[in-house]
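To start, the structure itself, in structure tokens.
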Amino acid sequence: MASLGEQLRNTRESKNISLEDASKDVKISMRYLKALEEGDYSEFPAQTYIKGFLTNYAKYLGLDPKSMLAQYSKLMLPKDDEIENFTPKRAQRRLARKRVVMLVIVLILALCSLVAVMWWYSQQL
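For the sequence shown, the working numbering assigns the number -3 to the initial residue and increments by one for each residue that follows.
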């Protein structure tokens, strides 16, 4: 049996619909449609988006959205160790940005402290 993504892609291709046309028709970014067809769910900010986009895309292609969602749910049943380690890409990027900002703030504070100490020391002479 074909994977969920393969079913979506095969149906779209059998109807001679380009990914670009499908994107325009369902008003979903090509990036997300491609991710659905490739089974790359880490591209989405949250599961709600996946389910909504999958439902709309399945309807557009003439597939049963309930069946597609059921397949997705079976596919995404998490293993116990995966539940703790799941972090969407967007959250990972946001966390990395916060770390950089905090590092810059700490460096600025250290530099200001150094300048203040040097000024105070020069006033003591």
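Glycine is no exception: its CB is placed at the ideal position from the N, C-alpha and C atoms.
These numbers were taken from a predicted model, which means no experiment stands behind them.
query                                                                              : result
Residue from K11, K20, K55 and R5 whose Cα sits closest to the Cα of A31           : R5
Contact under 8 Å by Cβ, F136 with Y68                                             : Any property of residue 136 remains undetermined from this structure, which presents the chain solely from -3 to 121.
Burial state of Y117, where buried means 16 or more other Cβ atoms lie within 10 Å : exposed
Beta-carbon spacing of L1, E34 below 8 Å                                           : Contrary to the premise, residue 1 reads as Gly rather than Leu in this sequence. Yes; because the gap between Cβ atoms is below 8 Å, this pair is in contact.
Beta-carbon separation (whole angstroms), T7 vs L73, contact threshold 8 Å         : That belief does not hold up - the Cβ atoms of T7 and L73 are roughly 24 Å apart, past 8 Å.
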